[in-house]
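These notes are about the structure you will find just below.
Protein chains: 2
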Amino acid sequence: MSEHLLTMKKRTRQTTNGNGQRASARDRQASLIVAAASLFAAKGFNGTTTREIAKAAGVSEALVFKHFPTKRTLYAAILEEKVTVNELLEAVEAAAKKHDDHRVFTMIASYRIRPGVDSTLLRLLLFSALERHELSEMFFGKHHKVFYDHLAAYIRTRIEDGAFRPIDPLLAARAFIGMVVHHRLLHEIFRVPMHQSHEDTVATYVDLFLTGLIKKPTSRKSPGRRAR
Amino acid sequence: MSEHLLTMKKRTRQTTNGNGQRASARDRQASLIVAAASLFAAKGFNGTTTREIAKAAGVSEALVFKHFPTKRTLYAAILEEKVTVNELLEAVEAAAKKHDDHRVFTMIASYRIRPGVDSTLLRLLLFSALERHELSEMFFGKHHKVFYDHLAAYIRTRIEDGAFRPIDPLLAARAFIGMVVHHRLLHEIFRVPMHQSHEDTVATYVDLFLTGLIKKPTSRKSPGRRAR
DNA sequence: TCTTGGTGAGTGAGCACTTACTTACCATGA
DNA sequence: TCATGGTAAGTAAGTGCTCACTCACCAAGA
Chain A
1 MSEHLLTMKK
11 RTRQTTNGNG
21 QRASARDRQA
31 SLIVAAASLF
41 AAKGFNGTTT
51 REIAKAAGVS
61 EALVFKHFPT
71 KRTLYAAILE
81 EKVTVNELLE
91 AVEAAAKKHD
101 DHRVFTMIAS
111 YRIRPGVDST
121 LLRLLLFSAL
131 ERHELSEMFF
141 GKHHKVFYDH
151 LAAYIRTRIE
161 DGAFRPIDPL
171 LAARAFIGMV
181 VHHRLLHEIF
191 RVPMHQSHED
201 TVATYVDLFL
211 TGLIKKPTSR
221 KSPGRRAR
Chain B
1 MSEHLLTMKK
11 RTRQTTNGNG
21 QRASARDRQA
31 SLIVAAASLF
41 AAKGFNGTTT
51 REIAKAAGVS
61 EALVFKHFPT
71 KRTLYAAILE
81 EKVTVNELLE
91 AVEAAAKKHD
101 DHRVFTMIAS
111 YRIRPGVDST
121 LLRLLLFSAL
131 ERHELSEMFF
141 GKHHKVFYDH
151 LAAYIRTRIE
161 DGAFRPIDPL
171 LAARAFIGMV
181 VHHRLLHEIF
191 RVPMHQSHED
201 TVATYVDLFL
211 TGLIKKPTSR
221 KSPGRRAR
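Protein sequence lines, in the order shown, are assigned to chains A and B. This note's numbering applies: residue 1 is where the first sequence begins, and numbers increase by one. This note's numbering applies: residue 1 is where the second sequence begins, and numbers increase by one.
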């Protein structure tokens, strides 16, 4: 009797997940990662509480710890999950084979500069590096270092071709990606308003960089791509 | 004399500040700001506790709150205190008047890239922006925006002179500072090892950028400044 | 029936901030 | 010269609250 009443009372809001369906461990973990990632990206590791994460995922706080033994484990899972080998690199590779400099750099800049796209990734990256999370280096290495290395390799071959001036390829790659990443940083993190269109910006950066890099600039009668 | 001895004896552990001297409110606040700034820069606002700050400054936690009503107030005081109009700008101004492009850009790059120099400032800046501190915009505006605006103004006049190609001056300024700041970011925040010397790096960036920006590059027989 | 997804109600630790009190300094008048 | 009292610098020991994390228990389904 009293037992029944007790159980009835206790079950106030079971499986807050939509309606009475129980999710598999895999799905739950995935949804927890999604919920936590945006919170961690917004407020950092220390600024995010496990309660918030549970609430955002629509489950109890205890369940979070059933799936991830510690808050840190959950964070690590996010960083590892976010590491995706970029499909972009293949597309760039194709352009690189044709020695289409303009296209190679434009593609990279367009990809990196495109607003909004996975802005959580950028924030997570910065937060994890600033907060000196142990996985930060892996995160950076797998997700970003590829770009520098690929681009540097391309620049090196173009120098050997005699198409580019003899400049340290890694420095050059960093310089270009620096311009572009910095632009994103200003826009997305420091909320600096940008008055130029996405395309204009990319075109200007590529033009600025390439005309500097190419050995014998034909700037006078070059094809119509011009900033503004 | 005897009074001194007496006081010495009586004082069991008073004023943990070195030896029994009481600091003025001004000095105490300054020392608290110094202690707190490096902690906030290292671990962010949420990652730093008021206990740690007090310990680092060698005072009791209660005293921190005597001087700053809240932890946030202390943080705000740091951001405001760190805003210093840079002496660099004057030096740059001088070079700018002589239209010494190379010198202008080299000075800015050298200043911004120099390792270790106020690396806490960079970290504070990033943390305050990421953590969306209310004073972050002011902090960025006063401390960094000046650079972009000054450089953009210089580039604009040089375009009007006919010395630079017609490119959006603000974008160009951002591109250059982006290269340099990004380099510092890689080095200081992401701990990427740099194999080039400080001077080589600056020279390469300036060369890369200027040769791209100058209208009619005399790259063949230009003065001996060359990367590497 | 037993594994597994799920919860409510904790737990001690640590947090920002307070309170009640002590001690040093220094200007003033005798 | 020196007692003296007002004030500001300083503290130990809290306060309530929130944090990451736990535990005992429950229900769905193969």
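Where is the CB? At the ideal position from N, CA and C, for every residue including glycine. Just so you know, these numbers come straight off a predicted model, no measurement behind them.
- Of Thr-106(B), Leu-88(B), Phe-68(B), the smallest CA-CA separation from Arg-26(B) is found for Phe-68(B).
- Around the Cβ of Ala-94(A), a 10 Å sphere holds fewer than 16 other Cβ atoms; the residue is exposed.
- Contact note: Ile-189(B) reaches chain A through Leu-126, Ala-129, Leu-130, using a C-beta cutoff of 8 Å and chain order.
- Put simply, the CB of Phe-40(B) is far from chain A, with every gap to its CB atoms at 8 Å or more.
- By the CB criterion at 8 Å, Leu-130(A) and Gly-44(B) fall inside the cutoff.
- The beta-carbon of Met-107(A) is placed no less than 8 Å from the nearest beta-carbon of chain B.
- Using a 10 angstroms sphere on the CB of Lys-97(A), the tally of other CB atoms stays under 16, which defines it as exposed.
- By the neighbour-count criterion, in which a residue is buried when 16 or more other Cβ atoms sit within 10 angstroms of its Cβ, Thr-73(B) is exposed.
- Identification of chain A residues near Ala-91(B) by a Cβ-Cβ cut-off of 8 Å yields none; the smallest Cβ-Cβ distance measures about 23 Å.
- The C-alpha of Lys-145(A) is placed about 10 Å away from the C-alpha of Met-138(A).
- Secondary structure in the region 157-214 of chain A: the alpha helix (DSSP H) runs of 4 residues or longer, each lying completely within the stretch, are 169-184, 198-213 in chain order.
- Among the residues of chain B, none has a CB under 8 Å from the CB of Asp-118(A); the nearest is roughly 16 Å distant.
- Membership of Val-64(B) in the alpha helix (DSSP H) is indicated by the continuous run 61-67.
- Comparing alpha carbon positions, the residue from Lys-142(B), His-182(B), Phe-209(B) closest to Phe-164(B) is Phe-209(B).
- For Thr-73(A), the uninterrupted alpha helix (DSSP H) run begins and ends at 71-82, by DSSP.
- Chain B has no Cβ within less than 8 Å of the Cβ of Met-138(A).
- Using a CB distance cut-off of 8 Å, Ile-167(A) counts as an interface residue toward chain B.
- For Lys-43(B), the enclosing alpha helix (DSSP H) covers residues 25-47.
- For the C-beta of His-150(A), not a single chain B residue is nearer than 7 Å; the gap to the nearest is close to 16 Å.
- Only residues of its own chain outside the window of five on either side were considered, and among them none has a CB closer than 6 Å to the CB of Leu-125(A).
- A buried status is given to Thr-211(B), since no fewer than 16 other beta-carbon atoms sit within 10 Å of its beta-carbon.
- In this structure, DSSP gives Arg-123(A) a helical state, which the three-state scheme calls helix.
- At least one C-beta of chain A is nearer than 8 Å to the C-beta of Thr-201(B).
- Of the other Cβ atoms in all chains shown, 16 or more fall within 10 Å of the Cβ of Asp-101(A); this residue is therefore buried.
- For a cut-off of 8 Å, the C-beta gap from Leu-32(B) to Ala-57(B) is around 5 Å, short enough to register as a contact.
- Within chain A, not a single residue places a beta-carbon under 7 Å from that of Leu-88(B); the smallest gap is close to 19 Å.
- Going by DSSP, His-102(A) is part of the alpha helix (DSSP H) stretching over 101-113.
- Secondary structure at Gly-141(A): helix, using DSSP grouped into helix, strand and coil.
- The beta-carbon of Gly-178(A) is placed less than 8 Å from the nearest beta-carbon of chain B.
- Just measuring C-alpha positions, the residue of Asp-200(A), Ser-110(A), Ser-197(A), Val-192(A) sitting nearest Ile-177(A) is Ser-110(A).
- About 13 Å separates the beta carbons of Phe-147(A) and Ile-113(A), which is beyond the 8 Å limit, so they are not a contact pair.
- A straight line joining the alpha-carbon of Leu-63(B) with that of Phe-40(B) spans about 18 Å.
- Per DSSP, the unbroken alpha helix (DSSP H) holding Glu-52(A) starts and ends at 50-57.
- Straight through space, the alpha carbons of Leu-135(A) and Leu-122(A) are spaced by roughly 15 Å.
- Listed along the chain, the chain B residues whose CB falls inside 9 Å of the CB of Val-181(A) are Gly-178, His-182, Leu-185.
- Note on Gly-47(A): 16 or more other CB atoms within 10 angstroms of its CB, so buried under the neighbour-count rule.
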